[in-house]
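Engineer: Have a look at the structure that comes next, please.
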Amino acid sequence: MMALLRKHWLALLPVATFVAVTAPFMTTPPIWDGYQYFSCLLNATGGRFVMEKFLCYGHPSLLYMMLFGTTQYLAYGSVAAVNVLSIALGAGSILAFYACTLFLFPRSRALAALITALYALHPVFVGNVVNFNADMGIVIFFIFLLWALLYDVTWAAVLSGFFLCFTKETGVALYVMTVVAYVLLFITRGEGTLRQRLNRLRILIFLVFPALEFFLYFFFRAGVQNTSPMWIGATSTREIVAGLLDINVADARWLMTLAEIFLMNFAWIPSAIVLTAASVYLLRFAFRLSHPPLTTLVHGKGMLLVIVLAVFGLHLLTTFNLYHNPRYWMPVFSLNALLFAAALHYLVPRETVRIAVASGVVAFSVLAIFRSVDPVSRALFGMFPFGSHALYALAPATRDHCCGYGRDQIVYNLEYMRLAVLQDYAHRRIQPTGNSIIVIHPNAGLGFGGAVDPVSFRRVFASPWIKPLYMNTPTFLALRVLPETIFFIEYPYVNNAGGIAALRKIYPSTHEWDVRSGGYTLKVLEMSRRRK
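Residue numbers for the sequence shown, in our numbering: 1397 to 1928.
Pasting the structure below:
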């Protein structure tokens, strides 16, 4: 074991950096979709064991939620316990990704560590690991599956397949796609006699089990229980299949999705290098020119698998989406890092230059974790102010009209977590009681209200607690009896002007203040009713 660590100690650097970056948010309560997933987990583990409670919002999330349910059976209501497990799984997937990178590019451990850092420190990956959601499970177990298939670890491939199929619907499609591509490239086209190839096909007996189990689950839920086996926001299965088959390259929302994947957070730098490599390859092929000798540097069949998965995975994950949350594309981000490594090998003959270029790309990726300063992203998506900083306005860019400038759409790095931190600061300043009413914009989303600790005023999910009443503006104004004093919190990602104007017809603003953290600001208004 020690010899292995000495040989591959560079793999620990991306893991250590990943943990160091995410650990400060270990106890920060989740918001938006993270709040909903965590609430589902609490509901599933808070009373009598009922398996169906782990199917959150209709997703086939049984295994993933049961895995995280163990944390709540040990420490009910603990956000830290969930985040510790999430970070641990993320760290494990980083090591698996490093192993995949070494399989594909066996001659350079230093470059493998840098490419691994692009996966480990991708701003979207880092941002979502501390806001509990099922899509983290998809990318983590997808990487575990890829590692298991490349290294012929059948039991791990099957286990990863079960978790993919019983985390979210996209996991089923990713699993089937990956296994089919692997079988076609590594088994049916493998070397050896016909008898040897048939022996290798025996692995299919095991690899079929996860998908078969899912389809049995699907038909049981749909046919026997007469219940939708998919996410409650989805349409019919027929419409989903039709959406996957309908390719419209001129669709504006799809084009903005591609921009999020290939351009946002300085991704345009490695994307440009990959595009250059592909163009040079095609030109050499067209004019029958020789290619660089890469047989000792790149595992050809393994790289072909990555290319196939990247192309079909991109189509699968971007074609049919009701919302455009960046976490949906995380498997594509991981494959893009491997494509970038292949492009470097193809274009750059010197190892030192490859390492220098990769180091620069990693540096920009780390910068993008903490600040939205990419000039290309600013120009493409626009910005909205958040204190003295600004974030990308992704929801209007992708025409997600649900969410102002963006809720889960802006979980593209760690900056959104300042909202969760500032929310607790606001509670500390307000010092709410069970009778306090806090009014918010109707598109502010979930996760900011709920219970707070009566001493620290931090949001909590286990007693002792108090529960101030959170209401959106239209619901509050419809009340027959209005209280004397209310509070209004101005979240920066929604337009609060209309709601405040409506409230000021009844309440003059008696006091307002800002709560701040690192230059990020949340405005709170204390409003008293006008006396006649």
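Glycine included, every Cβ here is placed at the ideal spot set by N, Cα and C.
If I follow the unbroken alpha helix (DSSP H) through ALA1513, where does it start and stop?
Structural biologist: Counting along the chain, the alpha helix (DSSP H) containing ALA1513 begins and ends at 1505-1516.
Engineer: Please work out which residues of its chain come closer than 7 angstroms, Cβ to Cβ, to THR1512, disregarding the five sequence neighbours upstream and downstream, and give them in chain order.
Structural biologist: Within the same chain, THR1512 has close Cβ partners ALA1407, PRO1410, ILE1490, PHE1493, TYR1494, THR1497.
Engineer: Which value, in whole angstroms, describes the spacing of the CA atoms of ILE1882 and PRO1456?
Structural biologist: Each residue's Cα considered, the two are about 41 angstroms apart.
Engineer: Could you tell me which residues DSSP puts in a beta bridge with PRO1340?
Structural biologist: This structure cannot settle anything about residue 1340, because the visible part of the chain is limited to 1397 through 1928.
Engineer: Decide yes or no for the touch test of the stretch 1462-1477 against the stretch 1428-1439: beta carbon pairs closer than 8 angstroms, at least 3 of them.
Structural biologist: Cβ pair count under 8 angstroms is three or more, so yes.
Engineer: Could you have a look at MET1422 and say whether DSSP puts it in helix, strand or coil?
Structural biologist: Coil, per DSSP.
Engineer: What's the C-alpha gap between ILE1669 and ALA1738?
Structural biologist: The alpha-carbon atoms of ILE1669 and ALA1738 are separated by roughly 10 angstroms.
Engineer: Measure the beta-carbon distance from VAL1525 to GLY1557 and round it to whole angstroms, keeping in mind my assumption that it falls under 8 angstroms.
Structural biologist: Not a contact, Cβ separation roughly 22 angstroms.
Engineer: I'd like to know whether the C-beta atoms of LEU1701 and LEU1581 end up nearer to each other than 8 angstroms.
Structural biologist: In this structure, LEU1581 lies closer than 8 angstroms to LEU1701 by Cβ.
Engineer: Within 10 angstroms of its Cβ, does LEU1541 collect 16 or more other Cβ (buried), or is it exposed?
Structural biologist: Classification for LEU1541: buried.
Engineer: So the candidates are ILE1885, ALA1840, TRP1861; which of them puts its Cα closest to the Cα of ALA1847?
Structural biologist: Cα-wise, what sits closest to ALA1847 is TRP1861.
Engineer: How is TRP1909 classed by DSSP in three states: helix, strand or coil?
Structural biologist: Strand.
Engineer: According to DSSP, what are the bridge partners of GLU1922?
Structural biologist: In DSSP, GLU1922 forms a bridge with PHE1883, HIS1907.
Engineer: For LYS1928, name the three-state secondary structure that DSSP assigns.
Structural biologist: With a pLDDT of 46 at LYS1928, under the threshold of 50, the modelled position of this residue cannot be trusted, and the question is left open.
Engineer: Which residue's Cα is closest to the Cα of HIS1404: PRO1502, THR1423, SER1686, THR1871?
Structural biologist: Out of PRO1502, THR1423, SER1686, THR1871, PRO1502 has the C-alpha closest to the C-alpha of HIS1404.
Engineer: I want to know whether the stretch 1825-1836 touches the stretch 1800-1809 - three or more CB-CB distances under 8 angstroms.
Structural biologist: Result no; under three Cβ-Cβ pairs closer than 8 angstroms.
Engineer: Is the CB-CB distance between ILE1427 and ASN1527 below 8 angstroms?
Structural biologist: Contact: yes.
Engineer: Identify the continuous alpha helix (DSSP H) that holds LEU1560 and give its terminal residues.
Structural biologist: Note, LEU1560: alpha helix (DSSP H), 1550-1561.
Engineer: Look up TYR1460 in the DSSP assignment and say whether it is helix, strand or coil.
Structural biologist: Of the three classes helix, strand and coil, the one that applies to TYR1460 here is helix, per DSSP.
Engineer: Have a look at ALA1508 and ALA1412 and give me their C-alpha separation to the nearest angstrom.
Structural biologist: Taking the straight line joining both Cα atoms gives about 16 angstroms.
Engineer: Please state whether DSSP places VAL1694 in a helix, a strand or coil.
Structural biologist: Three-state result, VAL1694: coil.
Engineer: For LYS1928, count neighbouring C-beta atoms within 10 Å of its own C-beta (all shown protein chains included) and say buried if the count is 16 or more, exposed if not.
Structural biologist: With a pLDDT of only 46 at LYS1928, under the threshold of 50, the placement of this residue in the model should not be trusted, and no figure is reported.
Engineer: Helix, strand or coil: which one does DSSP assign to THR1871?
Structural biologist: Of the three classes helix, strand and coil, the one that applies to THR1871 here is helix, per DSSP.
Engineer: Using three-state DSSP, classify LEU1685 as helix, strand or coil.
Structural biologist: LEU1685: coil per DSSP, three-state reduction.
Engineer: What does a CB cutoff of less than 7 angstroms around LEU1651 pick up in its chain, not counting 5 residues either side in sequence?
Structural biologist: Nothing meets the Cβ criterion.
Engineer: What first and last residue would you give for the alpha helix (DSSP H) that runs through VAL1753?
Structural biologist: It spans 1747-1766 - the alpha helix (DSSP H) in which VAL1753 sits, taken as one unbroken run.
Engineer: For the 8 angstroms Cβ check, are there 3 or more pairs between the stretch 1821-1835 and the stretch 1909-1918?
Structural biologist: Contact between the stretch 1821-1835 and the stretch 1909-1918 is present, because at least three Cβ pairs lie under 8 angstroms.
Engineer: How is the beta strand (DSSP E) around ILE1836 delimited, first residue to last?
Structural biologist: Counting along the chain, the beta strand (DSSP E) containing ILE1836 begins and ends at 1833-1836.
Engineer: Give the DSSP bridge partners of TYR1889, in chain order.
Structural biologist: DSSP output for TYR1889 lists no bridge partner at all.
Engineer: Suppose contacts are defined by Cβ-Cβ distances below 8 angstroms. Is VAL1554 in contact with LEU1603 by that definition?
Structural biologist: Contact flag set, yes.
Engineer: Cα separation between CYS1799 and ARG1680?
Structural biologist: The straight-line gap from Cα to Cα measures roughly 47 angstroms.
Engineer: With distances taken Cα to Cα, identify the nearest neighbour of ALA1506 among CYS1452, THR1748, PRO1606.
Structural biologist: Cα-wise, what sits closest to ALA1506 is THR1748.
Engineer: What is the rounded straight-line gap between the Cα of CYS1561 and the Cα of LEU1570?
Structural biologist: Taking the straight line from one Cα to the other gives about 9 angstroms.
Engineer: Quick test of your reading: SER1924 and GLU1880, contact by CB under 8 angstroms. State the CB separation rounded to the nearest angstrom.
Structural biologist: Their Cβ separation, rounded to whole angstroms, is 6 angstroms, which keeps SER1924 and GLU1880 in contact under 8 angstroms.
Engineer: From which residue to which residue does the alpha helix (DSSP H) around GLU1565 run?
Structural biologist: 1565-1578 is the extent of the alpha helix (DSSP H) around GLU1565.
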